[in-house]
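Peer 1:
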Amino acid sequence: MIELFHLSKNFGDFWAVRDVTLKVAAGEVFGFLGPNGAGKTTTIRMMAGLMKPTSGRVFLDGKDIFREPEEAKAILGFIPDRPYLYEKLTGGEFLEFIADLHGLNRGDHRRRRVAELLEFFDLQGWGRELVESYSHGMRQRLVIAAALLHRPKVLIVDEPMVGLDPKGTRLVKRLFFDLAQVGVAIFMSTHNLEVAEEMCHRIGIINEGRVIALGTMQELREKAESEDERLEPLFLKLTGEERLGELVESSIID
């Protein structure tokens with residue numbers, strides 16, 4: 025459903041992403057992890073067609089995101105880490121605007137879809153309020169609702185839980201599980217290792233622009249030559265940050 029082939033991006037002499045190749049199947053929740061500056065957001069922007077790669081290809085359900093952008097984006101739901109919202113629109117107007125962008129026909133079906141998303145994300149009482157009055161968590165829920173309006177086959181998400189309270193986090197987790205059950209491919213970048221461990225079927229770890237590990241939790245254990253049950257120690261070992269943590273702890277204690 026999602027296919028990246030030898031995806032690379034450089035800015036002058038700096039290579040933000042180097043030769044990333046991976047696939048995400050329909051119905052799979054894939055976690056994309058890495059330290060700050062590892063190349064996660066650059067990869068996601070190329071996947072969403074917002075940034076042209078230096079080399080490589082991106083396919084969404086067999087459609088090349090750059091050679092067939094309209095067809096590829098028609099089945100894509102994208103939730104960026106810093107979404108832009110039109111604050112002088114109401115929540116309902118914003119969803120109607122997004123529906124127009126996707127070419128959804130006006131009528132009862134569309135109105136029901138907008139209403140059900142506002143209700144699902146606990147925004148039904150705010151549909152006629154300006155977005156500028158929304159809290160950060162409410163804005164995040166509105167953005168997720170907008171990404172789901174056209175029932176995408178592929179969902180690309182950059183830090184989905186940022187700004188959400190525990191109730192909102194639980195809601196989004198349940199949503200992603202349900203979407204995967206009906207065959208949506210979900211590519212999720214996050215710094216929250218507990219969320220990744222709980223939700224993801226497979227995990228890819230990127231460091232200095234390269235994917236250094238890819239697979240299930242058991243496959244990551246084998247890669248790290250570790251029997252740790254939790255993702256955090258595996259992540260730290262694979263990215264080389266385990267030694268850094270030991271040095272910091274040693275300097276504090278000594």
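Residue numbering for the sequence shown follows the working numbering, beginning at 25 and increasing consecutively. Cβ atoms here follow ideal geometry from the backbone N, Cα and C, with glycine treated the same way.
From Met75, Gly55, Leu154 and Asn129, pick the residue whose C-alpha is nearest to that of threonine 114; which is it?
Peer 2: Of Met75, Gly55, Leu154 and Asn129, the residue nearest in Cα terms is Leu154.
Peer 1: Kindly indicate the opening and closing residues of the beta strand (DSSP E) around arginine 137.
Peer 2: From DSSP, arginine 137 is part of no beta strand (DSSP E) but of the alpha helix (DSSP H) over 132-144.
Peer 1: Out of Glu232, Leu166, His160 and Met71, which one is the CA nearest neighbour of alanine 139?
Peer 2: The shortest C-alpha separation from alanine 139 is found at Leu166.
Peer 1: With burial defined as no fewer than 16 other Cβ atoms inside 10 Å of the residue's Cβ, what is the status of serine 32: buried or exposed?
Peer 2: Flag for serine 32 reads buried.
Peer 1: Can the beta-carbon of glycine 131 be found closer than 7 angstroms to that of leucine 142?
Peer 2: Cβ distance not < 7 angstroms, so glycine 131 and leucine 142 don't count as in contact.
Peer 1: Taking only the alpha-carbon atoms, compute the straight-line gap between methionine 241 and glutamate 253 and give it to the nearest angstrom.
Peer 2: Each residue's Cα considered, the two are about 8 angstroms apart.
Peer 1: Can you list, in chain order, the residues of its chain with a C-beta nearer than 6 angstroms to that of phenylalanine 83? Leave out the 5 residues immediately preceding and following it.
Peer 2: Glu27, listed in sequence order.
Peer 1: For the stretch 88-98 against the stretch 115-124, do three or more pairs of beta-carbon atoms, one drawn from each stretch, fall closer than 8 angstroms, so that the two count as touching?
Peer 2: With a cut-off of 8 angstroms, the stretch 115-124 and the stretch 88-98 do not count as touching, because too few Cβ pairs lie within range.
Peer 1: Flag this pair as yes or no: are the beta carbons of valine 178 and isoleucine 99 separated by less than 7 angstroms?
Peer 2: A contact, by the Cβ cut-off of 7 angstroms.
Peer 1: So, with DSSP's three-state summary, where would you put valine 196?
Peer 2: It is helical.
Peer 1: Decide if serine 274 is buried, meaning its Cβ has at least 16 other Cβ atoms within 10 Å, or exposed.
Peer 2: Unreliable placement is indicated for serine 274, whose pLDDT of 44 sits below 50; no coordinate value is reported for it.
Peer 1: Assign proline 176 to one of two classes, buried (16 or more other C-beta atoms within 10 Å of its C-beta) or exposed (fewer than that).
Peer 2: With 16 or more other Cβ atoms within 10 Å, it is buried.
Peer 1: Name, in chain order, the residues that DSSP records as bridge partners for valine 41.
Peer 2: Lys33, per the DSSP bridge assignment.
Peer 1: Rounded to the nearest angstrom, what separates asparagine 60 and glycine 233 at their Cα positions?
Peer 2: Approximately 11 angstroms between the Cα atoms of the pair.
Peer 1: Compare the Cα-Cα distances from aspartate 146 to each of Asn129, Ile168 and Leu128 and report the closest residue.
Peer 2: Looking at the Cα atoms, Ile168 is the closest of the given residues.
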